[in-house]
Amino acid sequence: MIAERMKPLMANNSAIRLMFEEGDRMRAELGAENVFDFSLGNPNVPAPDEIKQAILDILEEEDLVVLHGYMSNAGFEDVREAVAESLNRRFGTSFGSRNILMTVGAASGLNVTLKTILNPGDEVIIFAPYFLEYNWYVKNYDGKVVQAPTDKKTFYPDIEALKGLITDKTRAVLINTPNNPTGVIYSEETIKQIAAIMEEKQQELGRTLFLIADEPYRELAYDGAHVPYVTKYYDNTFVVYSYSKSLSLPGERIGYVVIPDEMEESALVFETATAANRISGAVNAPSLQQKIIGKCVDAKVNLEAYDRNRTALYEGLKDCGFDCVKPEGAFYMFLKSPVEDETEFCAAAKKYNILMVPGSSFACPGYVRLAYCVSYDTIVNSIPAFRKLAAEYGL
Ligand code: PLP
584 MIAERMKPLM ANNSAIRLMF EEGDRMRAEL GAENVFDFSL GNPNVPAPDE IKQAILDILE
644 EEDLVVLHGY MSNAGFEDVR EAVAESLNRR FGTSFGSRNI LMTVGAASGL NVTLKTILNP
704 GDEVIIFAPY FLEYNWYVKN YDGKVVQAPT DKKTFYPDIE ALKGLITDKT RAVLINTPNN
764 PTGVIYSEET IKQIAAIMEE KQQELGRTLF LIADEPYREL AYDGAHVPYV TKYYDNTFVV
824 YSYSKSLSLP GERIGYVVIP DEMEESALVF ETATAANRIS GAVNAPSLQQ KIIGKCVDAK
884 VNLEAYDRNR TALYEGLKDC GFDCVKPEGA FYMFLKSPVE DETEFCAAAK KYNILMVPGS
944 SFACPGYVRL AYCVSYDTIV NSIPAFRKLA AEYGL
């Protein structure tokens with residue numbers, strides 16, 4: 584007998600599981616090199632070499648009782664200080680360890696943030712398309728997701744619509760840039776517009792409104808694209824960060840939340856978030872992973888590999904006649920389905936051994952997501968298959 588609130592999640596899970604099983608079945612039957620699996624956002628670029636060396640050094644250098652022991656629920660002081668200094672160097676901020684809460688990746692960081700600020704019935708506004716796990720995170724704290732529209736040509740937020748959606752039930756607006764699934768990066772102008780509306784609404788409603796910036800893809804920005812640092816534009820901002828993608832460490836579960844001094848009652852919010860981290864069951868972020876971050880705070884994955892994939896896939900798909908926005912960041916492409924029902928398009932793609940995720944899994948039917956964190960060969964070899972798929976739709 585499982586909990587009622589888990590039942591819809593489990594129904595959705597079986598759809599995802601079916602998709603993975605289908606991929607495994609196709610690989611076993613056809614050979615992995617003949618399956619063009621663009622369904623998973625699992626980094627294929629290895630973690631930088633410094634990571635391995637840091638692990639070896641830490642095990643040699645650290646007092647193992649301290650290393651493996653319980654610690655402050657916010658994380659090791661020296662690691663939080665190193666993260667703060669790195670942010671200050673790169674973004675001209677003035678954070679200290681008091682502003683950095685180490686978390687078990689962004690998923691946990693988001694849960695900690697929402698647990699800290701949501702009362703039952705509070706609304707969180709999210710621009711669609713978005714990472715659908717947000718729905719479950721918000722539900723964990725009896726909150727409600729309110730979807731806000733984006734421009735379907737650019738996937739930029741519809742600022743006027745945002746204005747109309749903020750009410751006395753709103754507690755937060757959640758943005759994700761660089762974006763999963765579109766790869767879009769919000770410009771400074773867009774961040775300023777969101778901040779201005781939230782500021783105005785805060786005054787008008789006499790109610791604290793938080794901006795949550797979910798930034799696991801911050802470091803994956805191409806052609807020198809600028810990703811504005813959101814705390815500079817709006818005081819009540821949480822930045823949720825993760826090393827899952829920026830250092831290719833998704834299984835290691837490490838990230839952090841920034842709670843700036845400028846936030847209302849910042850110290851109380853920080854203490855509350857620290858307690859939320861503890862009682863969420865995470866207790867604290869994994870200690871070895873924290874120490875790795877302390878040593879490799881400015882390390883980077885090889886962005887060129889993703890960039891090469893991005894260009895090859897984008898140009899290949901365009902050449903086949905497909906319609907999509909060239910992603911500026913992350914490692915996803917959001918393709919317009921040539922037919923209204925994108926699940927039908929995904930099913931047709933399978934005939935050519937192409938696996939992609941329907942846009943309805945991101946609250947945006949009519950599109951499909953391709954994760955191009957795959958080998959370059961997969962991209963190159965998939966283009967003839969896409970060409971056949973395009974021909975089926977007369978493109
Ligand atoms: N937010 C977005 C937009 C994501 O795409 C993901 C993972 O794919 C997460 C959060 C969770 O990342 P993490 O592995 O850091 O928990």
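Be aware that the sequence shown starts at 584, since it is given in our numbering, and climbs by one per residue. No residue lacks a Cβ here, since even glycine has one placed at the ideal position from N, Cα and C.
- A residue is listed when its beta-carbon falls short of 6 Å from at least one non-hydrogen atom of the ligand PLP; in chain order these are Gly624, Gly688, Ala689, Ala690, Phe714, Asn759, Asn763, Asp797, Pro799, Ser825, Ser827, Pro833 and Gly838.
- For Arg952, the uninterrupted beta strand (DSSP E) segment begins and ends at Tyr950 to Ala954.
- Under the DSSP assignment, Leu748 falls in the alpha helix (DSSP H) whose first and last residues are Ile742 to Leu748.
- With contacts defined as CB atoms closer than 7 Å, Ala954 and Ala711 fail to qualify as a contacting pair.
- As summarised for the segment 893 to 975, the continuous beta strand (DSSP E) elements at least 3 residues long and confined to that stretch are 915 to 919 and 950 to 954, given in chain order.
- In this structure, the CA atom of Val756 is about 6 Å from the CA atom of Ile709.
- Per the DSSP secondary-structure output, Met685 pairs in a beta bridge with Tyr839.
- DSSP lists Ile709 and Ile795 as the bridge partner or partners of Leu757.
- Taking Asn763 as reference, the option from Met593, Asp741, Asp797 and His809 with the minimal CA-CA separation is Asp797.
- When rounded, the separation of the alpha-carbon atoms in Ile768 and Pro761 is 5 Å.
- Taking all protein chains in view, the Cβ of Asn860 is crowded by 16 or more other Cβ atoms within 10 Å, so the residue is classified as buried.
- A check of alpha carbon separations from Tyr720 across Leu693, Leu900 and Val940 identifies Leu693 as the nearest.
- Exclusion of the five residues before and after Thr773 leaves Tyr739 and Pro740 as the residues of its chain whose Cβ lies within less than 7 Å of its Cβ.
- Put simply, the segment 849 to 864 does not touch the segment 612 to 621. Fewer than three CB pairs are less than 8 Å apart.
- For Ala586, no alpha helix (DSSP H) run applies, since DSSP gives it neither H nor E.
- At a Cβ-Cβ threshold of 7 Å, Arg952 and Phe917 count as neighbours.
- Cβ-Cβ distances below 6 Å link Gln776 to Ile742 in the same chain, with the five nearest sequence neighbours on each side left out; the list follows chain order.
- Straight through space, the alpha carbons of Ser829 and Ala850 are spaced by roughly 28 Å.
- Per the Cβ contact rule, the segment 588 to 601 is not in contact with the segment 929 to 939 (fewer than 3 Cβ pairs under 8 Å).
- Pairing Ala888 with Val628 gives a Cβ-Cβ distance under 7 Å.
- Excluding five sequence positions before and after Lys919, the CB atoms of its chain that fall closer than 8 Å to its own CB belong to Phe905, Asp906, Cys907, Gly949 and Tyr950, given in chain order.
- Per DSSP, reduced to three states, the secondary structure at Asp632 is helical.
- For the pair Leu871 and Ile962, the CB atoms are not nearer than the 7 Å cut-off.
- Below 8 Å, enough C-beta pairs join the segment 627 to 641 and the segment 823 to 842 to call them touching: three or more.
- Distance between Lys722 and Asp960, taken at the CA atoms: about 40 Å.
- In the structure shown, the three-state DSSP call for Val729 is strand.
- Listed in chain order, the alpha helix (DSSP H) elements of length 4 or more contained wholly in the segment 830 to 889 are 849 to 862 and 870 to 878.
- Cβ-Cβ distances below 7 Å link Leu788 to Asp751 in the same chain, with the five nearest sequence neighbours on each side left out; the list follows chain order.
- Ile599 sits exposed, since fewer than 16 C-beta atoms from the chains shown fall within 10 Å of its C-beta.
- For Phe674, the enclosing alpha helix (DSSP H) begins and ends at Glu660 to Phe674.
- The three-state secondary structure of Ala690, taken from DSSP, is helix.
- Contact between the segment 678 to 693 and the segment 836 to 850 is present: three or more C-beta pairs spanning the two stretches fall below 8 Å.
- Between Ser943 and the set Ser958, Glu925, Ala930 and Lys933, the nearest pair of CA atoms involves Glu925.
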